[in-house]
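Here this note's numbering is used: the first residue of the sequence shown is 1, the next is one more, and so on. Yeah, the Cβ is synthetic: ideal placement off N, Cα and C, and Gly gets one too. As the structure is a prediction and not an experimental result, all values here were calculated from the model. Encoded as structure tokens, the structure appears first; notes follow it.
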Amino acid sequence: MGYNKKEYFEKQKDAIINFCLFRNRCKSEVKRKLQATKLHKETINLLLRDLAGVGLLDESKFAKSFVKGKFKYNKWGRNMIIYHLKLKNISQNIISTAIKEIKEEDYILSARELIKAKAKTLDKNDPKKRRKIITHLIQKGYEVDIIQKELGENI
């Protein structure tokens with residue numbers, strides 16, 4: 001059962017609207033999804049503009065929810081979050097605003113919890129324990145100065 005061009009366009013439009021309704025999306029995610037549909041470049045750009053016009057494509061809203069989710073559920077630090085937002089072509093202004101959503105006291109508490117959790121998995125007498133904890137938190141995106149300050153107080 002084949003589709004004519006208008007039916008195909010409407011089907012893809014409905015699919016991309018559902019894609020955007022599922023959770024906040026950034027422009028690069030939606031564009032990549034649309035490019036996989038084999039629609040013309042002009043049609044993709046028109047759809048992106050329309051989605052933004054009706055509020056389904058809001059980079060600022062996406063960045064704030066991305067920051068909140070990655071910090072709260074994945075325990076990512078600021079550096080990791082910023083890196084991934086840049087990969088999604090989010091502007092520096094939007095990133096700066098969104099990253100401020102993380103309260104400093106929550107950030108420090110998260111670093112402490114990660115330090116304690118990692119320390120529990122390591123042998124007490126391991127001479128490389130401190131370095132392993134620092135490496136773990138750096139990989140999660142936490143800043144070295146915060147790690148060392150909290151590590152000094154907790155280990």
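{"Asked": "Applying the criterion that 16 or more other CB atoms from any shown protein chain within 10 Å of the CB defines a buried residue, is E7 buried or exposed?", "Found": "exposed"}
{"Asked": "Distance check for K100 and I146, CA to CA, integer angstroms please.", "Found": "16 Å"}
{"Asked": "L39 to Q139, Cα distance in whole Å?", "Found": "39 Å"}
{"Asked": "For L57 and N89, what's the separation of their Cα atoms in angstroms?", "Found": "14 Å"}
{"Asked": "Count the other CB atoms, across all protein chains shown, that sit within 10 Å of the CB of G77; report buried if there are 16 or more and exposed otherwise.", "Found": "buried"}
{"Asked": "Leaving aside the five residues before and after A98 along the sequence, list all residues of the same chain whose C-beta is less than 6 Å from its C-beta, in chain order.", "Found": "A63, K64 and V67"}
{"Asked": "For N74, count the other beta carbons within 10 Å of its own beta carbon; 16 or more makes it buried, fewer makes it exposed. Which is it?", "Found": "exposed"}
{"Asked": "For N74, which of helix, strand or coil comes out of DSSP?", "Found": "coil"}
{"Asked": "By Cβ distance below 8 Å, which residues in the same chain neighbour K70 in space, the five residues on each side in sequence not counted?", "Found": "W76, M80, I81 and H84"}
{"Asked": "How is Y83 classed by DSSP in three states: helix, strand or coil?", "Found": "helix"}
{"Asked": "Leaving out five residues before and five after Q35 in sequence, what residues of the same chain have Cβ atoms less than 7 Å from its Cβ?", "Found": "I44"}
{"Asked": "Keeping to the same chain, check which residues put their C-beta closer than 7 Å to that of M1; ignore five residues upstream and five downstream.", "Found": "Note on M1: pLDDT 49, under 50, position unreliable in the model; no value is reported."}
{"Asked": "Out of E143, K13 and A15, state which residue places its alpha-carbon closest to the alpha-carbon of E104.", "Found": "E143"}
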